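Data first, discussion second: the structure below is written as structure tokens.
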Amino acid sequence: MYTINTKEYRGILGTKGTPTSESYYSGPVSKSNQIIEVDVVGGSWFMESEWVKLMFHDKIYSWNTGEDFHLCANARKYAN
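UniProt numbering applies: residue 1 is where the sequence shown begins, and numbers increase by one.
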């Protein structure tokens, strides 16, 4: 996963994801072979190790809700 540290792909990479503005799903189900920008990444996460602690920056609302959404929202809010 060498692309994680490039300017073009600086962000959380994962195996599936969805943008919040559309009802489109990218990943194994859509058989997408492209790297695209989405708002929520799930399945598995590949990111800078410093960003892992962002998941715990704000109190999580509930462990029954999406931890993937919580991580992605905090990364967008706090990551530089």
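Ideal Cβ placement from N, Cα and C applies to all residues, glycine included.
Nothing here was measured: the structure is a model prediction, and the numbers come from that model.
Tyr61 and Lys77 have their alpha carbons spaced roughly 16 Å apart.
The criterion of a C-beta distance shorter than 8 Å is satisfied by Trp45 and Ile12. Burial state of Asp68 is buried, judged by a 10 Å Cβ sphere holding 16 or more other Cβ atoms. The alpha-carbon of Ala75 is positioned some 14 Å away from that of Lys59.
Residue pairing by DSSP leaves Thr65 without any beta bridge partner. Distance from the CA atom of Asn33 to the CA atom of Asn80, rounded to whole angstroms, is 28 Å.
Going by DSSP, Phe46 is part of the beta strand (DSSP E) stretching over Val40 to Phe46.
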